Amino acid sequence: MGRDDQQDTWDVALRRTAAGRGARSVVLYGLRGVGKTVLLSEFAKRARSSGWITAKIEAGSGKTLRASLGEALHAPLSDLAKPGAGARLLRALKTALSFKASYDSTGTWNFGLDLSGQPSGGADSGSIEADLGKVLHDIAVAAGDEGLGLALLVDEAQDLTTEELTAICSVTHLAGQDGWPLLVALAGLPSLPRILAEAKSSSERLFEFEQIRELDQDLARSAITEPAADEGVVWDLPAVELVVRETSGYPYFLQQLGQDTWNLAQGSPITLADARAGAERGRAALDNGFFRVRWDRATRAEQRYLRAMSLDGDSGSPSGVVAERVGKKVTALGPVRASLIGKGLIYAPEHGVVAHTVPGMAAFISRQPDEAQA
1096 MGRDDQQDTW
1106 DVALRRTAAG
1116 RGARSVVLYG
1126 LRGVGKTVLL
1136 SEFAKRARSS
1146 GWITAKIEAG
1156 SGKTLRASLG
1166 EALHAPLSDL
1176 AKPGAGARLL
1186 RALKTALSFK
1196 ASYDSTGTWN
1206 FGLDLSGQPS
1216 GGADSGSIEA
1226 DLGKVLHDIA
1236 VAAGDEGLGL
1246 ALLVDEAQDL
1256 TTEELTAICS
1266 VTHLAGQDGW
1276 PLLVALAGLP
1286 SLPRILAEAK
1296 SSSERLFEFE
1306 QIRELDQDLA
1316 RSAITEPAAD
1326 EGVVWDLPAV
1336 ELVVRETSGY
1346 PYFLQQLGQD
1356 TWNLAQGSPI
1366 TLADARAGAE
1376 RGRAALDNGF
1386 FRVRWDRATR
1396 AEQRYLRAMS
1406 LDGDSGSPSG
1416 VVAERVGKKV
1426 TALGPVRASL
1436 IGKGLIYAPE
1446 HGVVAHTVPG
1456 MAAFISRQPD
1466 EAQA
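As structure tokens, then:
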């Protein structure tokens, strides 16, 4: 849905890497609801369709990078573990077993092959950088024997620890230097490029940075009308324009309001009256779900901070101004600010400025009763 340039970049990177010509890995960053996760999943689908070993994980899910990656690699490696496997693949499987042992000494994997005679895996040193490098190297090189590669995709990458991000950057750098067939794709909030730069100063040379934004009006219209046309249904132009205007082109919002309008419409064409009713139901659904779950994650003190931010809309607020509105010093609000960033509710687009990670959050907050004044 309007992400052809990013998909083309990824396709080219897959082909170049498999051919041994090298390509930069990718970072997707943007607000919530712009379609980063959908795009990352499309990257994974294309890598698998090309025959690549593919591991897609989500950071901040309660697991370490080590554990998440190990579990994500098990299924694709199991598919390759067949009699007659080459020496490099057998070595990669043994390395994967040692990587598994590095975070889970009780669980066992069985690839159905006798790996006892293979050299020790060596991905259980305890250093995430060394172990990650070892397991990704051995698997990527084994895939390279088949003219393929290894794709590692990480969603919510801003939630990785500094040590984990540093390890990923270091391994990506080594892969580029030594020609491993490895591609990494990271997706996260607008703060991700800055976090990567803080973790590894050379990160800007390792990745193609792609800011994922809302769709322009033409693409937003197409996102509404084309799926309907496939079903033989037509939208009246005023109905389309209303949904585009109400959603500001954000894919998640387009999906919600478009689906609610579709469900309420009596047939083809979908009219302006249908769109008005669908928009009303869609806004309510977003308020009760998409926005509400984030608002309810915040403590009372954090909600006061968010409410002070909302006076500036979604454009961002100077931390000093927020502190003044709350009636406290900036330093005193440091823990609240840090907690909100940790929960993924706000981010720092630049030094001394904070902004909502969710478009439309400020307007939602303005619709909520202020219990402090009740």
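Residue numbering for the sequence shown follows my numbering, beginning at 1096 and increasing consecutively.
C-beta atoms are modelled at their ideal positions from N, C-alpha and C, and glycine is treated no differently.
Just so we're clear, the structure is a prediction, and the values are computed from it rather than from any experiment.
When the Cα atoms are used, Ser-1410 and Ala-1450 turn out to be separated by approximately 7 Å. Short of 7 Å from the beta carbon of Gly-1242, and not among the five residues preceding or following it, lie these beta carbons of its own chain, in chain order: Ala-1113. Looking at the backbone, the Cα of Lys-1195 and that of Ser-1297 are separated by about 30 Å. Here the C-alpha atom of Glu-1341 lies approximately 44 Å from the C-alpha atom of His-1169. For Asp-1250, the closest alpha carbon among the candidates Gln-1213, Ala-1139 and Glu-1375 is that of Ala-1139. When the beta-carbon positions are compared, Gly-1239 and Pro-1276 come within less than 9 Å of each other.
Of all alpha-carbon atoms in Arg-1308, Gln-1350, Ile-1307 and Pro-1288, the one lying nearest the alpha-carbon of Glu-1299 is that of Pro-1288. With contacts defined as CB atoms closer than 9 Å, Leu-1359 and Val-1338 fail to qualify as a contacting pair. The beta carbon of Thr-1257 is closer than 7 Å to those of Ala-1294 in its chain, skipping five residues each way along the sequence. Nearest to Arg-1378 by alpha-carbon distance, out of Arg-1462, Trp-1147 and Ile-1365, is Arg-1462. Straight through space, the alpha carbons of Ser-1200 and Arg-1098 are spaced by roughly 42 Å. With distances taken between CA atoms, Arg-1111 lies nearest to Ala-1142 out of Arg-1183, Gly-1130, Ala-1142 and Asp-1391. Excluding its 5 nearest sequence neighbours in each direction, Trp-1147 has C-beta neighbours in its own chain below 6 Å: Leu-1243, Gly-1244 and Ala-1246, listed in chain order. Separation of the CB atoms of Lys-1229 and Thr-1190 is rounded to 6 Å, and the pair is thereby assigned contact status at 8 Å. A direct Cα-Cα distance of roughly 10 Å separates Asn-1383 from Trp-1390.
For Leu-1277, the enclosing beta strand (DSSP E) begins and ends at 1277-1283. For Val-1416, the three-state secondary structure derived from DSSP is helix.
Taking C-beta separations shorter than 8 Å and ignoring five residues to either side along the sequence, the partners of Gln-1101 in its chain run Val-1121, Leu-1123, Leu-1134, Glu-1305 and Ile-1307, following chain order. DSSP, read as helix, strand or coil, puts Ser-1200 in coil. Excluding its 5 nearest sequence neighbours in each direction, Arg-1392 has C-beta neighbours in its own chain below 6 Å: Lys-1438, listed in chain order. The C-beta of Arg-1161 has 16 or more other C-beta atoms within 10 Å across all chains shown, which makes the residue buried.
Scanning Ala-1154, Gly-1155, Ile-1234 and Thr-1159 for the CA closest to the CA of Leu-1192 turns up Ile-1234. Straight-line measurement puts the Cα of Thr-1261 at about 17 Å from the Cα of Arg-1119.
Take Val-1417, set aside five residues on each side of it, and the residues of its chain with a beta-carbon closer than 6 Å to its own are Ala-1403 and Met-1404, in chain order. The C-alpha of Gly-1128 lies about 16 Å from the C-alpha of Gln-1354. In this structure, Tyr-1442 sits away from Gly-1130, with a CB-CB distance that is not shorter than 9 Å. Distance check between Trp-1105 and each of Ala-1176, Val-1279 and Tyr-1345 places Val-1279 closest, using alpha-carbon atoms only. Within the region 1376-1401, no complete beta strand (DSSP E) segment of 3 residues or longer occurs. Restricting attention to Phe-1302, Ala-1292 and Ala-1282, the CA atom closest to the CA of Gly-1271 is found in Phe-1302. Scanning its chain for C-beta atoms nearer than 8 Å, with the 5 sequence neighbours on each side dropped, one finds around Gly-1181 the residues Ala-1237 and Asp-1240, in chain order.
For Leu-1291, the number of other beta carbons within 10 angstroms of its own is at least 16, and it is reported as buried.
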